[in-house]
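Q: Here the protein sequences come in this chain order: W and V. The number in this note's numbering is simply the position in the first sequence, starting from 1, with 446 added. The number in this note's numbering is simply the position in the second sequence, starting from 1, with 446 added. Glycine residues also receive a C-beta, built at the ideal position from the N, C-alpha and C atoms. What you are looking at is a predicted structure, and each value in this text was computed from that prediction instead of being measured.
2 protein chains.
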Amino acid sequence: MKGTKRLPEVGVRRLSLYVRELHRWQREGRTVISSTDFADALHLSSAQVRRDLSTCGQFGTSGRGYEVRRLHASLLRILGIADRTWAVALAGVGNLGSALLAYRGFQERGFLFRLAFDADRTKIGRTLYGVRVESVERLAELVQREAVPIGVIAVPAPQAQRVCDAFVAGRVSGIVNFAPTRLTAPRGVQLRHVDLSLEFEQLTYHLSLEHPQAAHAQRS
Amino acid sequence: MKGTKRLPEVGVRRLSLYVRELHRWQREGRTVISSTDFADALHLSSAQVRRDLSTCGQFGTSGRGYEVRRLHASLLRILGIADRTWAVALAGVGNLGSALLAYRGFQERGFLFRLAFDADRTKIGRTLYGVRVESVERLAELVQREAVPIGVIAVPAPQAQRVCDAFVAGRVSGIVNFAPTRLTAPRGVQLRHVDLSLEFEQLTYHLSLEHPQAAHAQRS
DNA sequence: TATTGTGAAATGCTTCACAGCC
DNA sequence: GGCTGTGAAGCATTTCACAATA
Chain W
447 MKGTKRLPEV
457 GVRRLSLYVR
467 ELHRWQREGR
477 TVISSTDFAD
487 ALHLSSAQVR
497 RDLSTCGQFG
507 TSGRGYEVRR
517 LHASLLRILG
527 IADRTWAVAL
537 AGVGNLGSAL
547 LAYRGFQERG
557 FLFRLAFDAD
567 RTKIGRTLYG
577 VRVESVERLA
587 ELVQREAVPI
597 GVIAVPAPQA
607 QRVCDAFVAG
617 RVSGIVNFAP
627 TRLTAPRGVQ
637 LRHVDLSLEF
647 EQLTYHLSLE
657 HPQAAHAQRS
Chain V
447 MKGTKRLPEV
457 GVRRLSLYVR
467 ELHRWQREGR
477 TVISSTDFAD
487 ALHLSSAQVR
497 RDLSTCGQFG
507 TSGRGYEVRR
517 LHASLLRILG
527 IADRTWAVAL
537 AGVGNLGSAL
547 LAYRGFQERG
557 FLFRLAFDAD
567 RTKIGRTLYG
577 VRVESVERLA
587 ELVQREAVPI
597 GVIAVPAPQA
607 QRVCDAFVAG
617 RVSGIVNFAP
627 TRLTAPRGVQ
637 LRHVDLSLEF
647 EQLTYHLSLE
657 HPQAAHAQRS
């Protein structure tokens, strides 16, 4: 029912949240939900929800709401994460890397860790969550040989650019960076930055000292 | 030099990135930088950088640029992260929790893990990164006794709300949530959501298949 | 000359409010 | 009656473009 309008970047991010809630409602056995249900669950306005959804297509029924199953399937298709499995290569199996390997949300969305790399000799050869850890020196070679399309960077900041270059050499088509540094891509390869440090920095100014009565800061 | 204008929410987030770059430039010995330097490093427009900075105060010198040391100190002060240490309590020392404990950026910004909790009996009593792991059952009690102002949630989604309630009972003034679920705060306590699952979800639509020649997707 | 700081314009995003539909 | 989808209004953010300044 729409011509040219596109969902804004920030709206796409909300789409992911809608998917998450739909997933939960489906488990709970609900079959129909309204824009107000979304609004309450996610602290948005119902108008925002309707705008987001209607911008992507015609999903609802006037006077009734949205069918959970259908909307869920539609949004997955729109986000491009339906019926597809993406192989992923992970660089760095330290604490953060291990957290990523263990994160179930990945599998739920069709991502599968196929390769893992580390520079630490004591880790190479071990198997974590079903993936064998290889030497980072073989990263480009193996990524290219296995034609793995996505690289995930979970190494310390100073090594991130080198790893990024290796992924590019291995001809991945997407890189997700969790190192607190900005990467630059050689020659026409586009990178997207998913920057964990930014999340931490949010904390520094989001401190909301609005407890009913007391507000106890503390030095240490 | 400004009257009433305030930096928008998203601008505050950029401020953190400016701090990060200033930190780096300071290490590299640079003394003066321009809005264009910021723009190049962070993929923003120079006008945006100037607008952000000038909205916070008068920091630059026409025809010259910004003094690195002074700007760095000023931004830290504005973000409220100078000369202060915040004690933090961590719930969940699994992979993600461990990654948070190990993350140096925390200390750099004056955050110090004072308490850690887990439900796994085999972990309780162990010391990780200098912090003793306590039973999650004692969370509210210890957080209140030590007057720790910030709680960090790194437990699985189904447990997150319970842990959140415990932090509130322990009278923290801020909570940061890394579980992929929305929390609700009892009675007038304001929560901010830092949602790791959102980061993962970004990946699903940010896949940029723009390699010079080939684009090899793959099922598995 | 090089660069900031900033009105004004442009663009983008959210909310309002209600017609239309079930 | 309740709810969606959407023009139009309102608000927020970014960019333009240039006067001011070192």
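Give every residue of the same chain whose Cβ lies closer than 6 angstroms to the Cβ of W/Phe613, excluding the five residues on either side of it in the sequence, and list them in chain order.
A: If we look at W/Phe613 and ignore the five residues flanking it on each side, its Cβ neighbours are Gly597 and Ile621.
Q: Is the shortest distance between the beta-carbon of V/Pro626 and the beta-carbons of chain W less than 8 angstroms?
A: Yes - at least one Cβ of chain W is within 8 angstroms of the one on V/Pro626.
Q: Is it true that the stretch 553–573 of chain V meets the stretch 559–574 of chain W, where meeting means three or more beta-carbon pairs spaced less than 8 angstroms apart?
A: Because the criterion of three Cβ pairs below 8 angstroms is not met, the stretch 553–573 of chain V and the stretch 559–574 of chain W do not touch.
Q: When DSSP labels each residue in this structure, what does V/Thr477 get in the three-state scheme?
A: Coil, per DSSP.
Q: Can you grab the Cα-Cα spacing for the pair W/Val458 / W/Gln553, in whole Å?
A: Distance between the alpha carbons of W/Val458 and W/Gln553 is about 20 angstroms.
Q: Would you list the residues sitting across from V/Val598 in a DSSP beta bridge?
A: DSSP lists V/Leu536 and V/Val622 as partners of V/Val598.
Q: Would you mind working out which of V/His518, V/Gly509, V/His489 and V/Leu490 sits nearest V/Gly503, comparing C-alpha positions?
A: The residue with the shortest Cα to Cα distance from V/Gly503 is V/His518.
Q: W/Leu488 versus chain V: which residues are under 8 angstroms apart at the beta carbon?
A: The contacting residues are Arg628.
Q: Could you tell me whether any Cβ in chain V is nearer than 8 angstroms to the Cβ of W/Ser643?
A: Interpretation of W/Ser643 is limited by its pLDDT of 44, a score under 50 that renders its predicted location unreliable; no figure is taken from the coordinates.
Q: Indicate the three-state DSSP secondary structure (helix, strand or coil) for V/Lys451 in the structure shown.
A: Reduced to three states, the DSSP call for V/Lys451 is coil.
Q: Using C-beta distances below 6 angstroms, list every residue in its chain close to W/Arg617, excluding the 5 sequence neighbours before and after it, in chain order.
A: Answer for W/Arg617: Gln590, listed in chain order.
Q: Going along the chain, which residues of its own chain have a beta-carbon closer than 8 angstroms to the beta-carbon of V/Leu547, five neighbours each way excluded?
A: These residues qualify, in order along the chain: Leu536, Val539, Phe559, Ala562, Leu574, Tyr575 and Val577.
Q: Report buried or exposed for W/Glu587, applying the criterion of at least 16 other Cβ atoms within 10 angstroms of its Cβ.
A: Under this definition W/Glu587 is an exposed residue.
Q: Indicate whether at least one CB of chain W lies closer than 8 angstroms to the CB of V/Arg466.
A: Yes, V/Arg466 counts as interfacial toward chain W.
Q: Taking 8 angstroms as the cut-off, decide whether the C-beta atoms of W/Asn541 and V/Ala545 are in contact.
A: It is a contact, given that the beta carbons lie within the stated cut-off.
Q: Less than 8 angstroms separating the beta-carbons of V/Val601 and V/Ala625?
A: Yes.
Q: Would the stretch 451–469 of chain V count as touching the stretch 490–503 of chain V if we require 3 or more Cβ pairs under 8 angstroms?
A: With a cut-off of 8 angstroms, the stretch 490–503 of chain V and the stretch 451–469 of chain V count as touching, because enough Cβ pairs lie within range.
Q: Is W/Tyr575 near the ligand NAP, going by C-beta to nearest heavy atom under 7 angstroms?
A: Of ligands this structure carries none, so the ligand NAP is not represented either.
Q: By Cβ distance below 6 angstroms, which residues in the same chain neighbour W/Val465 in space, the five residues on each side in sequence not counted?
A: These residues qualify, in order along the chain: Leu521.
Q: Starting from W/Asp566, follow the alpha helix (DSSP H) in both directions and report where the run begins and ends.
A: Run containing W/Asp566: none; DSSP gives neither H nor E here.
Q: Since W/Thr477 and W/Glu513 should fall inside the 8 angstroms C-beta cutoff, what is the C-beta to C-beta distance between them, to a whole number of angstroms?
A: Right, their Cβ atoms sit about 7 angstroms apart.
Q: Please compile the residues from chain W whose C-beta is within a distance smaller than 7 angstroms of the C-beta of V/Ser544.
A: Ordered by position in chain W, the residues that pass the 7 angstroms Cβ test against V/Ser544 are Asn541.
Q: Could you pull the start and end residues of the alpha helix (DSSP H) that W/Val582 belongs to?
A: Counting along the chain, W/Val582 falls outside any alpha helix (DSSP H), and DSSP gives it neither H nor E.
Q: Please classify V/Phe484: does DSSP put it in a helix, a strand, or coil?
A: Helix.
Q: Does W/Ala548 get closer than 8 angstroms to chain V when you measure Cβ to Cβ?
A: Output row for W/Ala548: interface = yes.
Q: Would you mind reading off the limits of the beta strand (DSSP E) that contains V/Gly543?
A: Segment Asn541 to Ala548 is the alpha helix (DSSP H) holding V/Gly543; no beta strand (DSSP E) there.
Q: Between the Cα of W/Val579 and the Cα atoms of W/Gly506, W/Gly475, W/Gly543 and W/Trp471, which residue gives the shortest distance?
A: Measuring from the Cα of W/Val579, the nearest candidate turns out to be W/Gly543.
Q: For W/Ala485, which residues in the same chain have their Cβ closer than 8 angstroms to its Cβ, ignoring the five residues on either side in sequence?
A: For W/Ala485, where only same-chain residues beyond five positions count, the Cβ hits under 8 angstroms are Ser491, Ser492, Gln494 and Val495.
Q: Residues in the same chain with beta-carbon distance under 7 angstroms from V/Thr627, minus the five sequence neighbours each way, listed in chain order, please.
A: These residues qualify, in order along the chain: Ala603 and Ala606.
Q: Report, in whole angstroms, the separation of the C-beta atoms of V/Gly511 and V/Ser480, which I expect to be a contact under 8 angstroms.
A: Confirmed, Cβ separation roughly 4 angstroms.
Q: Do V/Gly556 and V/Thr531 have their C-beta atoms closer together than 8 angstroms?
A: It is a contact, given that the beta carbons lie within the stated cut-off.
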